[in-house]
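Residue numbers (my numbering): 181 to 290. We treat Cβ as the ideally placed atom computed from N, Cα and C, and that holds for glycine. Quick caveat: nothing in here was measured; it's all calculated off a predicted structure.
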């Protein structure tokens, strides 16, 4: 391997590492929201405001939830009278200059 090849692959690996470091916190936030939503849905709250209040309480303890509020949740019941909570948001990550990475997070309770 030549020095130029080594520098090229070093730059590529460094760029991928920077992107991964910027994306990783948003992925953690998604999985945190998903676990909170699953926990709330498993409790089968009686009303929509009760489910939203429980999500608000969870966001106080789970500091990583920043991109979604309780008003963004879509709460409904399925045919078996089980609570289903759907959520989604778009995250725009500034990479460099005019280049952005847009990730669309979507999910629902089990």
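request  = Would you mind sorting residue 232 into buried or exposed? The rule is 16 or more other CB atoms within 10 Å of its CB.
outcome  = Flag for residue 232 reads buried.
Leaving out the 5 sequence neighbours to the left and right, which residues in its chain are closer than 8 Å to residue 161 when beta-carbon positions are compared? Outside the modelled stretch of the chain, which goes from 181 to 290, sits residue 161, for which no answer is possible.
CB of residue 214 within 8 Å of CB of residue 247, strictly:
Result no, Cβ atoms of residue 214 and residue 247 do not sit closer than 8 Å.
- [ ] Determine the contact status of residue 255 and residue 265, defining contact as a CB-CB distance below 8 Å.
- [x] Taking 8 Å as the Cβ cut-off, residue 255 and residue 265 qualify as a contacting pair.
Notebook entry, point to check: Apart from the five residues just before and just after residue 253, which ones in its own chain have a Cβ nearer than 8 Å to its Cβ?
Noted result: Closer than 8 Å at Cβ, skipping near neighbours: 217, 231, 232, 235, 265, 266 and 267.
**Prompt:** Three-state secondary structure (DSSP) at residue 234?
**Reply:** Three-state DSSP puts residue 234 in a helix.
| query | Can you give the Cα-Cα distance for residue 197 and residue 287, rounded to whole angstroms? | reply | Between residue 197 and residue 287, the C-alpha separation is close to 26 Å.
Residue closest to residue 226, alpha-carbon to alpha-carbon, out of 242, 199, 210 and 257: Of the candidates 242, 199, 210 and 257, the one whose C-alpha sits nearest the C-alpha of residue 226 is 257.
Requested in this report: Please name the residue, chosen from 278, 275, 185 and 242, that lies closest to residue 211 on a Cα-to-Cα basis.
Outcome: The shortest C-alpha to C-alpha distance from residue 211 to any of 278, 275, 185 and 242 is the one to 242.
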